[in-house]
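Protein chains in written order, with my numbering: chain Z, 717 to 1195; chain P, 110 to 320.
Beta carbons: idealized from backbone N, C-alpha and C, even for Gly.
Keep in mind the model is a prediction, meaning the values are calculated, not measured.
Next comes the structure, spelled out in structure tokens:
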């Protein structure tokens, strides 16, 4: 087995930083008792101002007047970690949570599929960067071994267990995630590194400090099994992204939404699914969230396509108030066979790609503005067709010659010298075609239709009302 | 030696009237119009694929769509036909009668000229459309150029119905036709074509069409 450990050292900060593309603004996460909050983590801009973790909040404020302060939200960190775990499900089915800020991926079975260790590793790390996370990776044959290396900031790729032993032995005992009490006790015994620890007699060590430390080291070194329960992603997608500051431009929202779409896309790929409906809730401080929904003609998980659609929607959405968080939801997952990542790249796209065009147009112009045409089996011209969803097929009836343009409502024509006029006297070319129908519903029709030409050689479709023979109407134009 | 000779050897000099040496790939795809008399006059023998064709007319209703229907019917078997903001209702039974596959017709309606142009460009560029028809109210040269490039990228036939006054403006469209009604049929004048000269107008009767 081969484990890739992903340690997210700046998770609390990344949670906020990933929501914006703006240059870094001094920001810190506060934690500790409410009477005396301290700096839990701070970003680069805050560090430059002299702020350090552990510092009192008052001191931090005096160092940087424009400081943004957020309270640490362990719940959000857990959700974020699970979000990354679900995203990582596209690379392997064995993803293990290592709370509060780590993931372990068993990758041996995925090496062939993803083109080898280097390619897989690069792809995962690149993906995490795109999601907006800082990551410290390490690879080793045991889960705990790789995790200790990642925690120690040693981005090594260790394939052999013997190699792992020699590397782990050099680690200082402070990198072992054990209680302060235990570390203190080891120090008191003159133990500085893992190597020192391993040179002590096992049973003596177990007697003095309990069996737990010995077993811990055995697991790290692969001497005893270390079973880990795999993370199981929920059956639907819901992710929240808190913005570091309120945003009132839809462009900035597009950036943040893309982070969530990337997560969604990985999540879907891991489950072999696509989605057809998506909702994005824009959270406001003072009022209920505004909801944007997106419907797709065909299930998809293509990040680029979804990003484009959502950007179009956002561009045409007037923000009711500044936005402080985004929630992306997709409830219904639809199994997706083929990979639809390469659409819209070359002109020789196939017919099955058409929903993407329809969706793009509908996302921007609205569903009602993009329609198809369907013939209906009815002799009344107004009822012989309808608008439909693009791609729908109707029932065709063969009619005699019909005009390409139809007027939505027939237009009365003036009558003079016994003939209707339209930019001159109309001369009948053919007709009458009698259409008498619809006595059973609300549109009873009794008309005689003619094809007529005016002196300018324009052709029209006109009719005479059978029940009022003097009344002529223009109904269509032969364009 | 003929002083012209070295000049004529240059590939970047285009000799008018010599279609075989035209700088544009005239061998590039064309879609037969369905009117043999018109195809005979059109460069390459049909509507240029991956290019804009401008149809200039004084007012709609003179047979301008009938001119396109044979080609549209054929294109709709495989690819999409997109109509952006047509001036009236496109009447489905008439299209069906002309052989157009209605399941591949997409109507886009928007009041905003800017949105219409956006939709037009998207459709042209998508690579999914056989033909894209539009009735733009205003178009400047820069816009036309963008649309021409979009049509090239998407290998679509772009048909723009424009008022006859547009003849005054220069255009990057590959083909410009003037359409006028006449007692015997639709009179088509070639105003501009790539790699060729204007010729005498051709008058097309509806019955001339071969599907």
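Judged by DSSP secondary structure, residue 203 of chain P falls within the alpha helix (DSSP H) whose first and last residues are 201-206. Residue 167 of chain P places its beta carbon 8 Å or farther from that of residue 1121 of chain Z.
Between residue 756 of chain Z and residue 747 of chain Z, the alpha-carbon positions lie close to 5 Å from each other. For the segment 904-968 of chain Z, the full-length alpha helix (DSSP H) segments reaching 4 residues or more read 910-915, 918-925 and 927-937 along the chain. In the assembly as shown, residue 985 of chain Z is a buried residue. Its beta-carbon has 16 or more other beta-carbons within 10 Å. The beta carbon of residue 142 of chain P sits closer than 6 Å to the beta carbons of 148, 155, 156 and 180 from its chain, once the five residues preceding and following it are set aside; these are given in chain order. Nearest to residue 1039 of chain Z by C-alpha distance, out of Z:959, Z:1095, Z:920 and Z:1113, is Z:959.
In the three-state DSSP reduction, residue 837 of chain Z falls in the helix class (H, G or I).
Straight-line spacing of the CA atoms in residue 826 of chain Z and residue 721 of chain Z works out to 15 Å.
The three-state reading of DSSP puts residue 801 of chain Z in helix, counting H, G and I together.
The C-alpha of residue 772 of chain Z is placed about 58 Å away from the C-alpha of residue 222 of chain P.
Under the three-state reduction of DSSP output, residue 1115 of chain Z falls in the coil class, being neither helix nor strand. Contact with chain Z is found for residue 224 of chain P, since one of that chain's Cβ atoms lies less than 8 Å from the residue's Cβ. For residue 258 of chain P, the closest of P:275, P:236 and P:178 by C-alpha to C-alpha distance is P:236. The DSSP-derived three-state label of residue 1009 of chain Z is strand.
The residue among P:182, P:253 and P:219 with its C-alpha nearest the C-alpha of residue 207 of chain P is P:182.
At a cut-off of 8 Å between beta-carbon atoms, residue 237 of chain P makes contact with chain Z.
Given a length threshold of 4 residues, each whole run of the alpha helix (DSSP H) inside the segment 225-313 of chain P is given here in chain order: 250-263. Here residue 717 of chain Z has 822, 824 and 857 as same chain residues with Cβ atoms under 7 Å from its own Cβ, once five neighbours each way along the sequence are excluded.
According to the DSSP assignment, residue 881 of chain Z belongs to the alpha helix (DSSP H) that extends over 877-885. At a cut-off of 8 Å between beta-carbon atoms, residue 1186 of chain Z makes no contact with chain P. Secondary structure note for residue 1071 of chain Z: its alpha helix (DSSP H) is the uninterrupted segment 1070-1081. Under the Cβ criterion of 8 Å, residue 1156 of chain Z is not counted among the residues facing chain P.
Minimum Cα-Cα distance from residue 174 of chain P among the listed residues P:229, P:213, P:310 and P:240 corresponds to P:240.
By a beta-carbon distance limit of 8 Å, residue 1009 of chain Z does not contact residue 998 of chain Z. Their separation comes to about 12 Å.
When the Cα atoms are used, residue 1032 of chain Z and residue 952 of chain Z turn out to be separated by approximately 27 Å. When 7 Å is used as the limit between beta carbons, residue 1076 of chain Z is near these residues of chain P: 231, in chain order. Under DSSP, residue 970 of chain Z shares a beta bridge with no residue. Within the DSSP bridge table, the entry for residue 721 of chain Z names Z:820 and Z:854 as partners.
In the DSSP annotation of this structure, the continuous segment of the alpha helix (DSSP H) that includes residue 148 of chain P starts and ends at 145-148.
The beta carbon of residue 871 of chain Z sits closer than 7 Å to those of 852, 853 and 854, all from its chain and outside the five residues before and after it, given in chain order.
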